[in-house]
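Working notes, beginning with the structure itself.
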Amino acid sequence: MILRMKRGVSAPAVQKIRARIEGEGLRVFQSTETQRSILAVVDKVPATLSKELTELPEVEEASQPKAAWRLIAREFRDSMTHIKLGKVEIGPETVVVIAGPCSVEGKELMEDAARSVVNAGAHILRGGAFKPRTSPYAFQGFGVEGLRQLKDAGDKFGLPVLTEIMDAADVPAFLDHDIDCLQIGARNMQNFRLLKAVAQAGKAVVLKRGLSATVEEWLYAAEYLAAGGCQGIILCERGIRTFETATRNTLDLTVLPLLAEMTHLPVIADPSHAAGIARLVAPLSRASLAAGAAGVAVEVHPRPSEARSDGPQALLPAELTALVADARVQAAVSGRRLA
Ligand code: PEP
Ligand code: MN
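Per the numbering used here, the very first residue in the sequence shown carries number 1284; after that it's consecutive.
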């Protein structure tokens, strides 16, 4: 149940209502709205209590969303979520471009990549240190050493960094290296212990859609993060598995306008992993931004043919520059600006 208070209802009055609900053994969360308080009761509310709460003079509106996610539901916020990573703003007014190599492959490579990201005008540096690879014989990433190389390159060029975490036990290493934004990869979208551990890290999180996850499953995974205390959740559509084999995955553009109705969270798109083919990345990026994505995450490599993973989908630095220029135009067309 979601209870929207009237504007101006005092904090002690809201506290009293919370206490009444919690007194029945139900869990309550409060939104971070400044204009008004919104409470979400995440447990099932008995009919008599529901009636009592609905009729309170402080309550403007009580709703019972059909799905059991609460904290990420559009109804839980008056406004869409804004997330700040350093100077980078992610939200409804901006378009963010996250870019970097698939894997962190060494100090020099990472610096080259970071230079091309900053020169292109992109905002956040990505690179995988812990790589979820289909084959156990494929390059698995440099692990903690990769975190260090990524963070050093980010610091050198003034870029916040994003990288994937695969194991809850690695959270301390990500915190030690001051990783700005943790990625939950597609293959771990429903790793619930990982979601709970990452939620408590106090960092922004990019939650990629599972390879075959429905919107509902994806949103429940995001709710795990929110319920665990994560304040900076970004959803990322990265292509889903369909009958089509001409591309690596199928970018599901449909979810971009759909999720804007269902959740207050920003949603970005990853056309690189969706297409698996570098020349398709720019048009898919444009389409994603036109469909309302809050940004895109793309892979770039100074020498794609030498990349240790995902070379065929990596942009060249000059292609990234063109993509960011195009994102600026797309942002302007929709009344937004680059992050
Ligand atoms: C990645 O971003 O490096 C990655 C492995 O993506 P996904 O989890 O979407 O496959
Ligand atoms: Mn990749």
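Note that CB positions come from ideal geometry on N, CA and C, so glycine has one too.
With distances taken Cα to Cα, identify the nearest neighbour of residue i among the options.
i	options	result
Glu1391	Gly1437, Ser1362, Ala1504 and Leu1508	Gly1437
Leu1354	Gly1575, Val1325 and Leu1332	Val1325
Leu1433	Phe1413, Met1449, Ser1418 and Thr1417	Phe1413
His1460	Gln1514, Met1284 and Leu1430	Leu1430
Thr1446	Leu1368, Gly1410 and Phe1475	Gly1410
Cys1385	Glu1394, Val1581, Val1612 and Arg1619	Val1581
Ser1555	His1584, Leu1621 and Met1545	His1584
Val1489	Ile1285, Asp1395 and Ala1504	Ala1504
Pro1600	Gln1298, Glu1316 and Glu1394	Glu1394
Lys1327	Pro1540, Lys1349, Thr1315 and Arg1476	Lys1349
Asp1553	Glu1544, Met1545, Leu1563 and His1547	Leu1563
Arg1360	Gln1313, Leu1368, Glu1343 and Ala1397	Gln1313
Leu1322	Leu1442, Val1342, Leu1508 and Gln1613	Val1342
Ala1561	Leu1539, Arg1531 and Leu1542	Arg1531
Cys1519	Trp1352, Leu1536 and Ala1529	Leu1536
Asp1450	Asn1474, Ala1543 and Cys1464	Asn1474
Ala1452	Lys1479, Leu1442 and Gly1468	Lys1479
Cys1513	Ile1366, Val1616 and Thr1331	Ile1366
Ala1405	Ala1597, Pro1443, Thr1546 and Ala1345	Pro1443
Thr1417	Asp1593, Asp1609, Ala1345 and Val1454	Asp1593
Arg1586	Gly1383, Thr1317, Trp1501 and Glu1499	Gly1383
Ala1469	Ser1617, Val1550, Arg1521 and Ala1565	Arg1521
Met1284	Ala1577, Thr1317 and Lys1334	Lys1334
Leu1309	Gln1318, Thr1317 and Leu1332	Leu1332
Ala1396	Asp1609, Ala1608, Ala1605 and Ala1597	Ala1597
Val1311	Cys1464, Ala1576 and Gly1511	Gly1511
Gly1389	Pro1595, Glu1589 and Ala1608	Glu1589
Leu1368	Ala1577, Ala1345, Leu1336 and Asp1463	Asp1463
What do you get for residue i, buried or exposed, if any count of 16 or more other CB atoms within 10 angstroms of its CB means buried?
i	result
Phe1425	buried
Gln1347	exposed
Val1400	buried
Lys1491	buried
Lys1486	buried
Pro1329	exposed
Leu1603	buried
Gly1306	exposed
Gln1298	exposed
Thr1315	exposed
Glu1428	exposed
Thr1546	buried
Ser1320	buried
Gln1613	buried
Glu1499	exposed
Give me the DSSP bridge partner(s) of residue i.
i	result
Thr1604	In the DSSP output, where bridge partners are listed per residue, Thr1604 has none listed.
Arg1620	Thr1377
Glu1582	Gly1383
Glu1447	Gln1466
Ile1285	Ala1323 and Ser1346
Arg1409	Leu1445
Leu1598	Val1583
Can you give me the C-alpha to C-alpha distance between residue i and residue j, rounded to a whole angstrom?
i	j	result
Gly1291	Leu1339	15 Å
Gln1423	Pro1415	7 Å
Val1371	Arg1287	30 Å
Thr1533	Ile1523	5 Å
Ala1573	Ala1302	45 Å
Arg1623	Gln1466	Because the chain spans 1284 through 1622 in this model, residue 1623 falls outside it and cannot be assessed.
Lys1439	Ile1517	25 Å
Ile1381	Ile1304	42 Å
Tyr1420	Ala1557	23 Å
Leu1548	Glu1376	13 Å
Ile1448	Met1472	11 Å
Gly1374	Val1579	12 Å
Gly1493	Ile1300	38 Å
Arg1591	Ala1294	54 Å
Leu1621	Ser1571	15 Å
Glu1527	Val1379	29 Å
Pro1566	Val1538	17 Å
Val1387	Leu1541	34 Å
Ala1482	Gly1441	25 Å
Asn1402	Arg1357	36 Å
Gly1618	Ala1456	39 Å
Gly1515	Gln1318	20 Å
Leu1408	Arg1611	18 Å
Thr1525	Ala1296	51 Å
### Message
Which runs of the beta strand (DSSP E) at least 3 residues long sit entirely within the stretch 1465-1526? Give them in chain order.
### Response
1487-1491 and 1516-1520
### Task
Any chance you could list the alpha helix (DSSP H) runs of at least 4 consecutive residues sitting entirely within the stretch 1302-1372, in chain order?
1330-1337
### Task
Can you check the stretch 1530-1581 for any beta strand (DSSP E) of at least 3 residues that lies completely inside it and give the ranges in chain order?
1550-1552
### Task
For the ligand SAH, list every residue whose C-beta falls under 5 Å from any of its heavy atoms, going in chain order.
By its list of ligands, the structure shown excludes the ligand SAH, since it contains just the ligand PEP and the ligand MN.
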